[in-house]
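Asks: Read left to right, the sequence shown gives residues 2 to 934 (our numbering).
In this text, a Cβ means the ideal position worked out from N, Cα and C, and glycines have one as well.
What follows is a structure written as structure tokens; I'll ask about it next.
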Amino acid sequence: MLDKSDQDLLSVSEKTFKQSLNSTGTILKSLVNFTTDKKINKVRELSLPFELKKVLNKALEQPSYELYGVIENINTFFIADGQKLYLYKLMANVTFQIDVSEEIRFVRTFIPKKDVFIKEISFIMLICTKNFIFSYGYKKNDDEFIQINFDFQVPSEIKDIKISNTNRIFAISEKDIFEIIYNTNGFSSTFFSTNMFQYFLPVLFSQKNKIENVLFDVHTNFLVVLNKKFLEIYQIQPSITKLSNIAVNKAYQAISIMEENVSKNNTVNEKLLICAIDDLGHRDFFGLSGNIFSKESPLDLDRSDKVRFYQDGYLIQNKKRAVLVSMNDDQFYEYDVKRASENFEIVYGQVLAINKRIFLFHDSIQIYEILKQDSLLKQIINNNTAVRTFCQQYGRKTLFFYFKLIAQGDILSTNTAIFNSILSQLEHHDGHSVFDYRQDVTDIIYFYIKSVYKEEIQNLDNLTLDIIINKLKNLTNFDQLVNKTIDCLHFVQICLDNKFLLTDLTIQDLLYDQKKEKWRHIIKTLNLPLLRQKCTNFLSLDDLFIKEAQQLIAIGTKESLNRAIDHLSHLQDVTLLSLFTDFLIKFKKNSTGSKNASIGRIFNRSAETIISDILETKHFTGVSCLIKRLSLDFKDMVIILSETVKCYGSLMEALNSKKQTFCFAVFEAFLRNEEMFTECICCDTTYNPHNICDNSHSNMFNMKKFNILYINNQFLEPFIKEKLFKSNNQKKYDLYWKWLIYQKRREEGIMYLKYIIRSKKINLKEKLRYLNILYTFDSSVKNELDLATIQLELQERVGKNLDNLLSGNVLFNEYAYKYGFYDLALQILDLSNNNPEIITETFRKYLIGPSEELEEKLLKLNLTGSCKNLDILIPILSKKRLGTNLCEILEKMKFSKAKIIEAIKKESKGELPTDKKEYLQSSAERYYGIHLY
Numbered sequence: 002m003l004d005k006s007d008q009d010l011l012s013v014s015e016k017t018f019k020q021s022l023n024s025t026g027t028i029l030k031s032l033v034n035f036t037t038d039k040k041i042n043k044v045r046e047l048s049l050p051f052e053l054k055k056v057l058n059k060a061l062e063q064p065s066y067e068l069y070g071v072i073e074n075i076n077t078f079f080i081a082d083g084q085k086l087y088l089y090k091l092m093a094n095v096t097f098q099i100d101v102s103e104e105i106r107f108v109r110t111f112i113p114k115k116d117v118f119i120k121e122i123s124f125i126m127l128i129c130t131k132n133f134i135f136s137y138g139y140k141k142n143d144d145e146f147i148q149i150n151f152d153f154q155v156p157s158e159i160k161d162i163k164i165s166n167t168n169r170i171f172a173i174s175e176k177d178i179f180e181i182i183y184n185t186n187g188f189s190s191t192f193f194s195t196n197m198f199q200y201f202l203p204v205l206f207s208q209k210n211k212i213e214n215v216l217f218d219v220h221t222n223f224l225v226v227l228n229k230k231f232l233e234i235y236q237i238q239p240s241i242t243k244l245s246n247i248a249v250n251k252a253y254q255a256i257s258i259m260e261e262n263v264s265k266n267n268t269v270n271e272k273l274l275i276c277a278i279d280d281l282g283h284r285d286f287f288g289l290s291g292n293i294f295s296k297e298s299p300l301d302l303d304r305s306d307k308v309r310f311y312q313d314g315y316l317i318q319n320k321k322r323a324v325l326v327s328m329n330d331d332q333f334y335e336y337d338v339k340r341a342s343e344n345f346e347i348v349y350g351q352v353l354a355i356n357k358r359i360f361l362f363h364d365s366i367q368i369y370e371i372l373k374q375d376s377l378l379k380q381i382i383n384n385n386t387a388v389r390t391f392c393q394q395y396g397r398k399t400l401f402f403y404f405k406l407i408a409q410g411d412i413l414s415t416n417t418a419i420f421n422s423i424l425s426q427l428e429h430h431d432g433h434s435v436f437d438y439r440q441d442v443t444d445i446i447y448f449y450i451k452s453v454y455k456e457e458i459q460n461l462d463n464l465t466l467d468i469i470i471n472k473l474k475n476l477t478n479f480d481q482l483v484n485k486t487i488d489c490l491h492f493v494q495i496c497l498d499n500k501f502l503l504t505d506l507t508i509q510d511l512l513y514d515q516k517k518e519k520w521r522h523i524i525k526t527l528n529l530p531l532l533r534q535k536c537t538n539f540l541s542l543d544d545l546f547i548k549e550a551q552q553l554i555a556i557g558t559k560e561s562l563n564r565a566i567d568h569l570s571h572l573q574d575v576t577l578l579s580l581f582t583d584f585l586i587k588f589k590k591n592s593t594g595s596k597n598a599s600i601g602r603i604f605n606r607s608a609e610t611i612i613s614d615i616l617e618t619k620h621f622t623g624v625s626c627l628i629k630r631l632s633l634d635f636k637d638m639v640i641i642l643s644e645t646v647k648c649y650g651s652l653m654e655a656l657n658s659k660k661q662t663f664c665f666a667v668f669e670a671f672l673r674n675e676e677m678f679t680e681c682i683c684c685d686t687t688y689n690p691h692n693i694c695d696n697s698h699s700n701m702f703n704m705k706k707f708n709i710l711y712i713n714n715q716f717l718e719p720f721i722k723e724k725l726f727k728s729n730n731q732k733k734y735d736l737y738w739k740w741l742i743y744q745k746r747r748e749e750g751i752m753y754l755k756y757i758i759r760s761k762k763i764n765l766k767e768k769l770r771y772l773n774i775l776y777t778f779d780s781s782v783k784n785e786l787d788l789a790t791i792q793l794e795l796q797e798r799v800g801k802n803l804d805n806l807l808s809g810n811v812l813f814n815e816y817a818y819k820y821g822f823y824d825l826a827l828q829i830l831d832l833s834n835n836n837p838e839i840i841t842e843t844f845r846k847y848l849i850g851p852s853e854e855l856e857e858k859l860l861k862l863n864l865t866g867s868c869k870n871l872d873i874l875i876p877i878l879s880k881k882r883l884g885t886n887l888c889e890i891l892e893k894m895k896f897s898k899a900k901i902i903e904a905i906k907k908e909s910k911g912e913l914p915t916d917k918k919e920y921l922q923s924s925a926e927r928y929y930g931i932h933l934y
């Protein structure tokens with residue numbers, strides 16, 4: 002398909018060619034009559050089958066009837082022999098036979114109106130006999146003629162039938178000229194619609210006597226009738242009206258309407274040109290008012306020469322040679338009265354039939370293309386001075402003519418010196434430093450495709466397309482639009498070869514990607530390698546790759562899936578993006594209310610996309626390979642990757658990307674899947690959907706769970722570091738310090754563990770858990786750990802939320818001491834205070850109560866720091882007269898014997914009451930069995 006810029010160029014070209022050019026009548030009045038350039042080129046020559054040669058020779062013995070001819074739109078020759086009509090398919094070398102009930106006189110074809118026949122009928126063939134017209138419809142899909150079951154009986158013997166440009170049918174009989182009208186008023190078969198042919202009144206003119214030597218022709222808006230006395234001109238649209246009756250004074254052997262026009266309000270203007278040729282080849286040109294001008298024959302004729310008009314001119318024929326006379330087309334574009342208006346060319350041999358390009362001779366079929374070359378430019382192409390003059394005269398039309406010459410093979414496109422010379426002259430002439438010639442390339446493209454551009458594809462034939470393609474191939478190095486157009490024509494040819502009926506479609510529809518529903522589905526049924534070879538510039542390769550990928554996915558083997566992924570990897574980003582977008586839309590729609598819905602569960606057959614098809618086969622690595630090319634919204638990428646990163650291969654494939662954002666999405670999806678792997682077809686050597694991979698396999702591909710910290714990827718650290726600072730999910734913000742410890746970056750790990758304890762909104766128990774973890778790597782946090790442990794106990798006792806870690810001073814003053822939790826207060830002092838007075842005072846408040854409970858209280862403290870001080874404890878305890886030996890209690894508090902004895906001695910030497918000294922000495926003597934003095 003064409004992009005917008007190409008379509009705009011083609012639209013401009015179309016408008017250019019719709020503009021009114023110089024009229025045929027004006028050109029024919031040029032002062033120079035004829036050139037003798039070579040205007041036809043033989044493309045192919047084929048032999049007529051022997052049995053048909055015999056039939057042709059027999060037909061030549063009956064010159065009064067047209068028993069042979071060409072049906073060009075299906076490349077078929079017809080030859081009549083009595084009641085038999087032989088149809089010879091040129092390209093297939095096949096002969097068909099149709100039998101009718103009367104001797105055949107001539108054959109005509111026309112394209113029927115829409116909605117009259119079934120769409121399969123592309124044209125109608127009328128077989129005319131003396132009394133009947135038999136109708137056959139051509140079904141292109143089946144390549145066959147079928148009879149329409151209604152035979153029109155003519156009122157009198159028909160001499161000729163003409164088909165107008167709008168496919169209206171006019172006939173001349175011995176007595177009348179009339180129009181044959183077909184419509185859907187009657188049916189004769191239930192197989193398909195038929196059309197009644199009926200006599201049309203009023204008769205244009207009729208007379209009692211037979212019409213003799215009458216010629217007539219019909220165009221779009223006019224019909225002309227010529228006999229020995231009068232030329233009568235009729236307007237046939239919107240109704241039949243006689244416009245003129247012009248007297249003539251000689252006999253003519255051929256007549257043709259060469260040019261006509263009707264203004265928008267249906268009034269006739271003077272742009273009507275009728276040509277009549279007499280027996281000597283002289284031509285008289287008539288308009289509505291009478292004879293306008295005359296022209297001589299290019300050669301002297303005798304009365305044995307026969308003249309007939311054909312599409313591009315007229316033919317003068319005798320048994321030895323034929324003279325083809327045609328217009329010089331360059332005069333239509335840039336008329337010059339001093340240049341020749343026509344060209345004639347001699348073809349030796351008797352031309353029996355001629356159509357647009359096919360000549361039938363006695364012993365062969367010769368296919369010609371009729372050239373309309375720009376001979377002047379060709380002659381001067383190597384003369385710089387002459388080219389400069391030509392460019393000044395024709396302006397940018399020079400490039401159009403130049404491209405025509407290249408397309409026709411008259412000059413080589415590889416001769417860049419010529420092209421650069423023309424461009425240089427045009428730049429100088431137009432005053433532009435850079436001359437844009439794309440429009441000229443497009444003009445020449447349109448020039449060659451305009452005959453088929455808006456024609457229904459079902460009415461085209463491969464031979465016509467071949468000639469156009471061969472022309473355009475010579476232009477392929479000038480612009481990509483040429484290649485797109487060629488490949489579009491290739492696509493049409495493939496459809497025609499495969500008998501796909503592209504109903505109501507034109508080449509314009511294909512190029513503009515219109516009416517997609519009528520032809521895009523055909524791609525799926527065509528031969529993909531052939532499309533890839535022939536149509537890569539027209540059909541997006543994406544269509545081809547997707548089609549083949551779908552076929553391979555349906556096979557379902559690992560090898561076929563790998564090939565499918567390879568095809569999809571060749572898609573354009575925009576196409577691949579549309580596949581994933583479609584997947585996302587349907588996934589979100591179907592997964593509503595199903596938080597963890599899997600692809601297999603949420604997709605029904607009607608909602609499938611090619612991405613979900615691949616995921617259902619569990620070829621996760623393939624989807625990872627495709628998605629990493631795209632730039633999607635981060636959340637959307639995570640959704641897709643959550644369905645994709647489900648095996649080791651898919652994870653590693655996805656992470657083989659240089660895009661940080663994408664790798665972040667991969668990590669996010671992997672965490673969403675809880676770092677779990679499942680069975681797959683892409684990693685396992687054998688695929689068994691009933692055996693889920695487990696940890697019994699040492700192969701990493703078969704692991705059921707895989708720790709994200711084991712991944713070696715440059716983007717893992719920034720991802721998990723970002724999670725540390727931005728995420729409130731503990732599993733995610735724990736990753737960074739764990740990864741640092743795993744990477745043996747211990748100091749950094751400790752630092753970020755402390756960050757979590759300090760900055761994250763976690764409760765006191767969690768902070769205590771982190772402090773315990775931290776303590777395993779850093780013993781310096783022991784004091785902080787112990788304080789946090791005390792704080793947790795305080796929190797439970799005071800019934801307040803103390804999630805923020807508090808200092809020892811705060812814990813002591815604001816909570817422990819304040820609320821009378823002296824055991825905790827002592828533990829706090831033991832960790833962080835060296836003030837004996839405060840410790841002594843706290844001990845005094847703590848050690849209140851019956852003496853039998855004091856021992857338990859002391860041992861419960863488990864002191865190790867500043868509160869484990871005998872100088873403080875012994876004076877206090879000596880006053881309590883504990884039931885248990887003092888030395889025994891102190892040893893239970895893990896004081897050494899030496900320190901206990903030393904402390905008792907020290908205390909005994911002080912100014913103590915006698916009873917206290919005796920108590921201390923007796924405690925030592927009884928427990929250790931020693932005397933202190």
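Identify which residue in L406, L874, F135, I423 has its Cα closest to the Cα of V388.
Replies: I423
Asks: Going by CA-CA distance only, name the one from P299, L232, N222 that's closest to N214.
Replies: L232
Asks: So, using beta-carbon positions, are I178 and F171 closer together than 8 Å?
Replies: yes
Asks: What distance in whole Å lies between the Cβ atoms of C392 and Q367, which are believed to be in contact at a cut-off of 8 Å?
Replies: Between C392 and Q367 the Cβ distance is about 38 Å, and since that is not below 8 Å, they are no contact.
Asks: Can you give me the start and stop residues for the beta strand (DSSP E) that C935 sits inside?
Replies: Since the first and last residues shown for the chain are 2 and 934, residue 935 lies out of range.
Asks: Using the rule of at least 16 other Cβ atoms within 10 Å of the residue's Cβ for burial, across every protein chain shown, is R845 buried or exposed?
Replies: exposed
Asks: Would you mind stating whether Y449 and L464 have Cβ atoms separated by less than 8 Å?
Replies: no
Asks: Taking all protein chains shown into account, decide if K659 is buried (16 or more other Cβ within 10 angstroms of its Cβ) or exposed.
Replies: exposed
Asks: What are the boundary residues of the alpha helix (DSSP H) that includes V348?
Replies: No alpha helix (DSSP H) contains V348, which is instead part of the beta strand (DSSP E) from 341 to 349.
Asks: Considering only C-alpha positions, which residue in the set F402, H491, E261 is nearest to C536?
Replies: H491
Asks: Have a look at the DSSP bridge pairing and note the partners of L1.
Replies: As displayed, the chain neither begins before 2 nor continues past 934, which places residue 1 out of reach and without an answer.
Asks: Below 7 Å CB to CB, which residues in the same chain sit around Y928 once its five sequence neighbours on both sides are set aside?
Replies: N886, C888, E889
Asks: What first and last residue would you give for the alpha helix (DSSP H) that runs through I774?
Replies: 765 to 778
Asks: According to the neighbour-count rule (16 or more other Cβ atoms, all chains shown, within 10 Å of its Cβ), is A655 buried or exposed?
Replies: buried
Asks: Hey, would you say K455 sits closer than 8 Å to Q509, going by beta carbons?
Replies: The answer is yes: Cβ separation under 8 Å.
Asks: For the beta strand (DSSP E) containing S1, name the first residue and the last one.
Replies: The structure shown has nothing for residue 1, since the chain only spans 2 to 934.
Asks: Measure the Cβ-Cβ separation of I293 and R284 and say whether it is below 8 Å.
Replies: No.
Asks: My parser needs the alpha helix (DSSP H) runs of 4 or more residues fully inside the region 791 to 848; what are they?
Replies: 823 to 833, 837 to 847
Asks: Between I134 and V108, is the Cβ-Cβ spacing less than 8 Å?
Replies: no
Asks: My output table needs one value for D872: the three-state DSSP class, helix, strand or coil.
Replies: helix
Asks: Reducing DSSP to helix, strand and coil, say where T526 ends up.
Replies: helix
Asks: Go ahead and pull the three-state DSSP assignment for K85.
Replies: strand
Asks: Could you give the C-beta distance for N344 and T27, rounded to a whole number, given that I count them as a contact under 8 Å?
Replies: The beta-carbon distance between N344 and T27, rounded to whole angstroms, is 17 Å. This is too long to meet the 8 Å contact definition.
Asks: Taking 8 Å as the limit between beta carbons, can you name the residues of its chain near T618, skipping five residues before and five after?
Replies: I554, G557, L562, I682
Asks: Does the region 737 to 747 come within contact of the region 716 to 727, defined as at least 3 CB pairs closer than 8 Å?
Replies: yes
Asks: Count Cβ pairs between the region 41 to 48 and the region 67 to 80 that sit closer than 8 Å; are there 3 or more?
Replies: Counting Cβ pairs under 8 Å, fewer than three are found: no touch.
Asks: Span of the alpha helix (DSSP H) holding G856?
Replies: According to the sequence displayed, residue 856 carries Glu and not Gly. Note, E856: alpha helix (DSSP H), 852 to 862.
Asks: Classify S327 as buried or exposed, calling it buried when 16 or more other Cβ atoms lie within 10 Å of its own Cβ.
Replies: buried
Asks: Using the Cα positions of N58 and A81, report the straight-line distance between them to the nearest angstrom.
Replies: Cα to Cα, N58 sits roughly 11 Å from A81.
Asks: Please report how far the alpha carbon of T576 lies from the alpha carbon of D543, in whole angstroms.
Replies: 7 Å
Asks: Using CA atoms only, rank isn't needed, just tell me which of E857, I839, I849, L832 is closest to S867.
Replies: L832
Asks: Return the bridge partner residues of C683 from the DSSP annotation.
Replies: In DSSP, C683 forms no bridge with anything.
Asks: Measuring straight from C-alpha to C-alpha, what distance separates E853 and K880?
Replies: 14 Å
Asks: Assess, as a yes-or-no matter, whether the region 475 to 485 is touched by the region 112 to 130 under the definition of 3 or more beta carbon pairs within less than 8 Å.
Replies: no
Asks: Residues bridged to Q148 by DSSP?
Replies: Y137
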